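Novice: Sharing a structure with you now.
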């Protein structure tokens, strides 16, 4: 703490590398992730995934090596490039695989084959044998083994999946059972067909509405600073009216029951009356506490409004901030795509092992089978790292804006300058912060997995304890995420390592605890209302547009898709707004702690925040009290109006 007081938060004065050992650890971890990908490709998993393989371990479209103890292995299948399943609709939902004999064929049946004679004719014309390798095409109609070694009749029309060389049935009703298992409300395939046709027919409207939600989110980010004061008053009035109205109704119901002649006739009536009294008393206590909190918080709400106003100005000066969610989402999608591809590689990695049915499965043995866990941890840590990079970038840009006195002296692109500082100095800090979140997330996910596995088997006490642990870990994760974000802001200001930054930021937040509470309650609720506004506006536009479409019967699914997308877009954009408000608050708290407006210690803050400080001083002087938690920021200020 001595070092912290000597340092006095000198913003942007010097830059130094932070948490270098953690950066090295993260690089080593990423090399491990690369090794998993390289190993799976080197052991033929990529070829098996892309080209496909049959039930005997042969990769389609190439010459193969004989597997000991497996008949029909080691075949030359150079001209047979597609995987064909004899019973493609037989899906094992538990083990997520098709329970069917798989063969390599030279062509997929492009029309329905109703009998064995049709299958034989198809083989003779196209040279594509759809029965097991030991049967000649001339034997399909005569050999008794054909019933077992040939596909079930009728063979559905199928087409090859692009890039993956698998023959898949064209008619999706084949997967009706699978769809029902995933979507419980789809009880018959005709409903599923109508839903999908609804989406396909209205795809232009869906895309247009998604674009509308994007535009509305951008507009809201610009105008929210002008409507923040109105929103706060609306929220305050609604909360007061709701709490007073609810309490009044409960007391009215109690009085009505009490005066009723039959109120005390039965035990049930007595219990109901007693319950009403308890509810009414509890509601009264809650209302009184709520009104007292709002009375205490009323001045701090003014700071929330001022911060929202300044946040709007930040977006005007730093327009590239608006596009920050796009870059983050794009990088996350790229990483997730890579992760899923490697996961699919891992599914076909390993040594060929005969299973109970005499077919080949690929399994990893020894320590290599734990690569799955390493890969899963990689998903969480690297995803959190990418999100933390966004937080550090936003924090760096907003800090540069706040602590630059002359806004015309801002760098040409503060966002790119912030990215440059992040890459050159602070990647280690981001790696450490994201690892801490990963440490909390992994146990929570393990407990959630255990909960799903034990569903219906565990007793009530165990279920309650599991849910309590999951809830506690979730709360801890949210608290750490908030502290991490403020630690990144402190790092952006002072170029200190993660632990020092987290400690310094925590001290500032504790000193301003009531303000933090006001900003996080009022501010978050305002942003939630913003999300609701965007979803409702997009949904209303969707209802009006889809109502004129008569090409299909069901448009519930398109509307749900549009509303979900609208909420996702609004959440992405307004979470950036929330981030900017949090960074501005920490900067403001530091500014008021170490500066008082006197020569040599001038404020950095915007005029709107300056007005808030001046008004706070006036109210403090009128009240005749200068001590308390806010006294530091209310010292005599010289030349504040010149700022």
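Residue numbers (my numbering): 437 to 1079.
Yeah, the Cβ is synthetic: ideal placement off N, Cα and C, and Gly gets one too.
Predicted model, so just to flag it, every value in this text is computed and none were measured.
1. Quick check on DSSP: helix, strand or coil for residue 788?
2. Quick check: what's the CA-CA separation for residue 834 versus residue 872?
3. Between residue 600 and residue 545, what straight-line distance do the alpha-carbon atoms span, to the nearest angstrom?
4. For the alpha helix (DSSP H) holding residue 911, just list the boundary residues, first then last.
5. Helix, strand or coil: how does DSSP classify residue 541 here?
6. On the CB-based measure, 16 or more other CB atoms within 10 Å of its CB, does residue 488 come out buried or exposed?
7. Taking all protein chains shown into account, do 16 or more other C-beta atoms lie within 10 angstroms of the C-beta of residue 656, making it buried, or fewer, making it exposed?
8. Identify the continuous alpha helix (DSSP H) that holds residue 820 and give its terminal residues.
9. Where residue 791 and residue 904 are concerned, what is the direct C-alpha to C-alpha distance, given to the nearest angstrom?
10. Does DSSP classify residue 509 as helix, strand or coil?
11. To the nearest angstrom, how far is the alpha carbon of residue 1058 from that of residue 1052?
12. Closer than 6 Å by C-beta to residue 831: which residues in its own chain qualify, once you throw out the five before and the five after it? Chain order, please.
13. Let me confirm a value: residue 515 is counted as buried when at least 16 other C-beta atoms fall within 10 Å, else exposed. Which label applies?
14. For residue 558, collect the residues of the same chain with a Cβ closer than 8 Å to its Cβ; drop the 5 residues on either side in sequence, then sort them by chain order.
15. Using only the alpha-carbon positions, how far apart do residue 522 and residue 797 sit?
16. Using C-beta distances below 7 Å, list every residue in its chain close to residue 788, excluding the 5 sequence neighbours before and after it, in chain order.
17. In whole angstroms, what separates the C-alpha of residue 622 from that of residue 940?
18. Does the count of Cβ pairs from the stretch 706-723 and the stretch 672-690 closer than 8 Å reach three?
19. Do residue 585 and residue 573 have their C-beta atoms within less than 8 Å of each other?
20. If the criterion is Cβ atoms closer than 8 Å, does the pair residue 539 and residue 579 meet it?
21. If we count Cβ pairs, one from each stretch, closer than 8 Å, do we get three or more for the stretch 761-779 versus the stretch 455-463?
22. When the Cβ atoms of the stretch 995-1006 are set against those of the stretch 1029-1046, are three or more pairs found closer than 8 Å?
23. DSSP on residue 596, reduced to helix/strand/coil?
24. Output needed for residue 473: all residues of its chain with C-beta closer than 6 Å, excluding positions within five of it in sequence on either side, in chain order.
25. On the CB-based measure, 16 or more other CB atoms within 10 Å of its CB, does residue 662 come out buried or exposed?
26. Please look up how many angstroms separate the CB atoms of residue 500 and residue 486, rounded, as I've assumed it's under 8 Å.
27. Using 10 angstroms around the beta-carbon of residue 576, count the other beta-carbons present and answer buried if the total reaches 16, otherwise exposed.
28. Terminal residues of the continuous beta strand (DSSP E) containing residue 603?
29. Quick one: grab the DSSP three-state call for residue 547.
30. Could you spell out the range, first to last residue, of the alpha helix (DSSP H) harbouring residue 560?
31. Is it true that the CB of residue 594 sits closer than 8 Å to the CB of residue 587?
32. By the three-class DSSP mapping on this structure, what secondary structure does residue 1037 have?
33. Looking at the strands, I want to know which residues DSSP matches up with residue 499.
34. Would the stretch 877-895 and the stretch 466-485 be scored as touching if the rule is three or more Cβ pairs under 8 Å?
35. For residue 529, count the other beta carbons within 10 Å of its own beta carbon; 16 or more makes it buried, fewer makes it exposed. Which is it?
Specialist: Considering the structure as presented:
1. strand
2. 24 Å
3. 17 Å
4. Element bounds for residue 911: 896-930.
5. strand
6. buried
7. buried
8. Taken as a continuous stretch (DSSP letters only), the alpha helix (DSSP H) holding residue 820 covers 807-838.
9. 41 Å
10. coil
11. Going from the Cα of residue 1058 to the Cα of residue 1052 covers about 10 Å.
12. 924, 925, 928, 1019
13. exposed
14. 545, 549, 564, 566
15. 17 Å
16. 493, 503, 796, 798
17. With a pLDDT of 39 at residue 622, under the threshold of 50, the modelled position of that residue is not reliable, and the figure given next carries that caveat. So the two alpha carbons sit approximately 54 Å from each other.
18. yes
19. no
20. No, Cβ-Cβ distance for residue 539 and residue 579 is not below 8 Å.
21. no
22. no
23. strand
24. 778
25. exposed
26. 15 Å between Cβ atoms; not a contact.
27. buried
28. 603-605
29. coil
30. 552-562
31. no
32. coil
33. 512
34. no
35. With a pLDDT of 46 at residue 529, under the threshold of 50, the modelled position of that residue is not reliable, and no figure is offered here.
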